[in-house]
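Notes to accompany the following structure.
Number of protein chains: 2
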Amino acid sequence: MQTLQVDLGHSQYRITIGSGCLGDRALLASEIPGSGLMIVTNTTVARLYLAKLRASLDGRNVSECILPDGEQHKTLQTAGWVFDELVGKKINRDGVVLALGGGVVGDIAGFAAACYQRGIGCVQIPTTLLAQVDSSVGGKTGVNHSGGKNLIGAFHQPLAVIADTDTLSTLPDRELSAGLAEVIKYGCIADPQFLDWLDSNMEELRGRDVEALTYAIHRSCEIKAAIVGEDEREQGRRAILNFGHTFGHAIEAATDFERYLHGEAVALGMLMAADFSRELGLIDAAAQQRIDGLLRRAGLPTEAPKVGAARALALMRMDKKVLSGKVRLVLLERLGSGIVVSKYPQRALETTLREHFA
Amino acid sequence: MQTLQVDLGHSQYRITIGSGCLGDRALLASEIPGSGLMIVTNTTVARLYLAKLRASLDGRNVSECILPDGEQHKTLQTAGWVFDELVGKKINRDGVVLALGGGVVGDIAGFAAACYQRGIGCVQIPTTLLAQVDSSVGGKTGVNHSGGKNLIGAFHQPLAVIADTDTLSTLPDRELSAGLAEVIKYGCIADPQFLDWLDSNMEELRGRDVEALTYAIHRSCEIKAAIVGEDEREQGRRAILNFGHTFGHAIEAATDFERYLHGEAVALGMLMAADFSRELGLIDAAAQQRIDGLLRRAGLPTEAPKVGAARALALMRMDKKVLSGKVRLVLLERLGSGIVVSKYPQRALETTLREHFA
Numbered sequence: 005m006q007t008l009q010v011d012l013g014h015s016q017y018r019i020t021i022g023s024g025c026l027g028d029r030a031l032l033a034s035e036i037p038g039s040g041l042m043i044v045t046n047t048t049v050a051r052l053y054l055a056k057l058r059a060s061l062d063g064r065n066v067s068e069c070i071l072p073d074g075e076q077h078k079t080l081q082t083a084g085w086v087f088d089e090l091v092g093k094k095i096n097r098d099g100v101v102l103a104l105g106g107g108v109v110g111d112i113a114g115f116a117a118a119c120y121q122r123g124i125g126c127v128q129i130p131t132t133l134l135a136q137v138d139s140s141v142g143g144k145t146g147v148n149h150s151g152g153k154n155l156i157g158a159f160h161q162p163l164a165v166i167a168d169t170d171t172l173s174t175l176p177d178r179e180l181s182a183g184l185a186e187v188i189k190y191g192c193i194a195d196p197q198f199l200d201w202l203d204s205n206m207e208e209l210r211g212r213d214v215e216a217l218t219y220a221i222h223r224s225c226e227i228k229a230a231i232v233g234e235d236e237r238e239q240g241r242r243a244i245l246n247f248g249h250t251f252g253h254a255i256e257a258a259t260d261f262e263r264y265l266h267g268e269a270v271a272l273g274m275l276m277a278a279d280f281s282r283e284l285g286l287i288d289a290a291a292q293q294r295i296d297g298l299l300r301r302a303g304l305p306t307e308a309p310k311v312g313a314a315r316a317l318a319l320m321r322m323d324k325k326v327l328s329g330k331v332r333l334v335l336l337e338r339l340g341s342g343i344v345v346s347k348y349p350q351r352a353l354e355t356t357l358r359e360h361f362a
Numbered sequence: 005m006q007t008l009q010v011d012l013g014h015s016q017y018r019i020t021i022g023s024g025c026l027g028d029r030a031l032l033a034s035e036i037p038g039s040g041l042m043i044v045t046n047t048t049v050a051r052l053y054l055a056k057l058r059a060s061l062d063g064r065n066v067s068e069c070i071l072p073d074g075e076q077h078k079t080l081q082t083a084g085w086v087f088d089e090l091v092g093k094k095i096n097r098d099g100v101v102l103a104l105g106g107g108v109v110g111d112i113a114g115f116a117a118a119c120y121q122r123g124i125g126c127v128q129i130p131t132t133l134l135a136q137v138d139s140s141v142g143g144k145t146g147v148n149h150s151g152g153k154n155l156i157g158a159f160h161q162p163l164a165v166i167a168d169t170d171t172l173s174t175l176p177d178r179e180l181s182a183g184l185a186e187v188i189k190y191g192c193i194a195d196p197q198f199l200d201w202l203d204s205n206m207e208e209l210r211g212r213d214v215e216a217l218t219y220a221i222h223r224s225c226e227i228k229a230a231i232v233g234e235d236e237r238e239q240g241r242r243a244i245l246n247f248g249h250t251f252g253h254a255i256e257a258a259t260d261f262e263r264y265l266h267g268e269a270v271a272l273g274m275l276m277a278a279d280f281s282r283e284l285g286l287i288d289a290a291a292q293q294r295i296d297g298l299l300r301r302a303g304l305p306t307e308a309p310k311v312g313a314a315r316a317l318a319l320m321r322m323d324k325k326v327l328s329g330k331v332r333l334v335l336l337e338r339l340g341s342g343i344v345v346s347k348y349p350q351r352a353l354e355t356t357l358r359e360h361f362a
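Next up, the structure:
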């Protein structure tokens, strides 16, 4: 079991990563404070892990709120159901929400905790690789609006994050790969040595080797925590965590958020961002091909859907990271170092978009 | 025109108080930043002041969202309408919500600004005395849940507060008095000299003398800002702002939030809190009678509804300020100084409740 301390000044918390966390009563007792606990999860995860978590919390005051599974339920209305449960179970200001599930559960439950009584504690217990390396860390919570993803939300840091790598054993291969996209992202934007390590350990990761997964999650969280620590509210540098996300967002939106998992769209977006970085002379073709090779070996798609360059550009402009109509992009100044760029030749961007989206 | 600087460390903002603010283009230009502005107001206030505010913002990108009037609309659903408008008008991260109205509008609009894109700016433009002296300052925002008031919300400090005392000319007498209840509260908990001033100026205040109102609002905001500055998230001392509110909450709940305005219930609650303070030997009967006299002269009710002591106690226990089932009360250690008390003889509280609620 590995731990990692996140320090944001006003808020400190520990991330615990490893096999067997969910069954570790002592760990859960020390990491989860509060007198009234509300487990928020979904139907799929409840079937797999709810009984185990409840058993480990035996003797405490625990309620549960089981949501339908799927991104289409990540709405203000669903957050409203969580509020109903919190009120109904008389959860007080010293109550704690336990978010047991993937990114969708973590985002809804975290948002509900952020707003209930103007903020109660939340412990993230992510059960997908994507949630373990990304969404459970950093305090971004929220729900979607028909006009866009995550348009309603809050910054609300968890009290603790508990990532049990055993839960990855039940994760479909496709979702494991989607999580690896974000892992590869951290290497691209912040750590060339981690890219080397990923090159050497991709088979172990896809084979769900606990040691390899634990290291990959730990290093990913470490990189994310360091960046969030510098810029919690995304005034500047935190934006580099969006490497691949602006292109990826356009891909998800153009395919009605149905064809690709988020991580898959991010993988395609990273390829485009790498390609555009090469187009601007920031990285060379060899660097771009290394990213492409890693994503392929992680089982991720590498060919964008042919939705048309004009449509893709319009959708990129609608992304909420756009400031005053200007599309800022996260590019690579070299392999292992991301930068936010808002000045670039529009023509060059259009060329890249045409190459990928036709 | 008077100004007051609020400094919370991570957030500073100015409160401007006086006659003619809404028509002062230069003031609004300097106090309201942002490229896209969304005025959130209600049908009543829109009829009176929307055109004036829009005229003063001429030349800027301004949209509006007009909500139905009334506390019964302070719901998550109404906040959802505000989100719809913000998305529909493509308000970006540098957009700003202008809350034009009383406490209900300020709470909903502030909450929507807190959550939209995880937080955009909000300028509070309160048009009732209660909102000018209380709800617009301090960053508490939120909506009600059927299970309780303000159960869903956020701490979100405004970018600025602009209190135009001219708007009080259209305020019904009863609402003016309700606002005076909170003004008297500040004297009770923090400033005996302010109580003297109120004693000498009550006729002017009820006669809507601009100079008297401006001073009363300024001093009230100053006291509130100082307390919030010490304890933004109500971990401790901020709770003294709830003087009269726990008793008042029970009165509102017992009468279905229909019979009394919030300020009226707080006035009754302050009388009870003063009476209980006397019962515990903290203040003498003369102090209690001074508060009673001030509230009477402010046009406020001084006789509680006979809802029964047992029911009142049960409702007090449901207040969200209750920690782990224990009712903390704000009492007066002397006239002009509030304290939070969690240890007191339960019998004594029951005696006080029986005296007032029968």
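Line by line, the protein sequences give chains A and B. Take the first sequence: its letters are residues 5 to 362, numbered as in the working numbering. Take the second sequence: its letters are residues 5 to 362, numbered as in the working numbering. The beta-carbon is built from N, C-alpha and C at its ideal position, and this holds for glycine as well.
Within-7 Å CB hit, residue i to chain A
i	result
B/Gly114	no
B/Cys119	yes
B/Arg122	yes
B/Phe159	yes
B/His360	no
B/His149	yes
Sheet register partners of residue i (DSSP bridge)
i	result
A/Ile433	Chain A is shown only over 5 to 362; residue 433 of chain A falls outside these bounds and no answer can be derived.
B/Gln128	B/Ala103 and B/Val165
A/Lys144	A/Phe159
B/Asn344	One point to set straight first is that residue 344 of chain B is Val, not Asn, in the sequence displayed. B/Val334, per the DSSP bridge assignment.
A/His266	Answer by DSSP bridge pairing: none, since A/His266 is not bridged.
A/Val44	A/Cys69 and A/Ala103
A/Tyr190	A/Tyr190 pairs with nothing; no bridge assigned.
A/His149	A/Gly152
CB contact flag (residue i, residue j, <7 Å)
i	j	result
B/Ile193	B/Phe251	no
B/Ile156	A/Cys25	no
B/Val66	B/Leu41	yes
B/Leu163	B/Tyr17	yes
B/Thr169	B/Leu104	no
B/Glu354	B/Leu286	no
A/Val100	A/Gly27	no
A/Ala362	A/Gly267	no
B/Ile95	B/Cys225	no
B/Gln128	B/Ile221	no
A/Ile227	A/Tyr190	yes
A/Ala318	A/Leu357	no
B/Ala50	B/Ile70	yes
B/Leu122	A/Ala229	According to the sequence as given, residue 122 of chain B is Arg; it is not Leu. Against a cut-off of 7 Å, the Cβ pair of A/Ala229 and B/Arg122 comes out as no contact.
B/Leu304	B/Pro196	no
Cβ of residue i within 7 Å of any chain B Cβ
i	result
A/Ile156	yes
Contact test: residue i Cβ vs the ligand HEM heavy atom, cutoff 6 Å
i	result
B/Thr45	With respect to the ligand HEM, the structure offers nothing, as it holds no ligand at all.
Check your understanding: Using a beta-carbon distance cut-off of less than 7 Å, what residues from the region 244-255 of chain B approach chain A?
Key -> none
Practice item. Go through the region 205-243 of chain B residue by residue and report every complete run of the beta strand (DSSP E) that reaches 3 residues or more, in order. Key: none
Review point. Taking any Cβ of chain B, which residues in the region 78-105 of chain A have a Cβ under 9 Å from it, in chain order?
Key: Leu80, Gln81, Ala83, Gly84, Phe87, Asp88, Leu90, Val91, Gly92, Lys94, Asn96, Arg97 and Asp98
Exercise for review: Check each residue of the region 227-244 of chain B: if its Cβ is closer than 7 Å to any Cβ of chain A, include it; give the result in chain order.
Suggested key: none
Check your understanding: Which full runs of the beta strand (DSSP E) of 3+ residues lie inside the region 52-108 of chain A, going along the chain?
Key -> With a minimum length of 3 residues, the continuous beta strand (DSSP E) runs that stay inside the region 52-108 of chain A are 65-71 and 100-105.
Review point. Listed from N- to C-terminal order along the chain, which residues in the region 286-314 of chain A have their beta-carbon within a distance smaller than 9 Å of any beta-carbon of chain B?
Key: So the list is empty, because no residue satisfies the distance condition.
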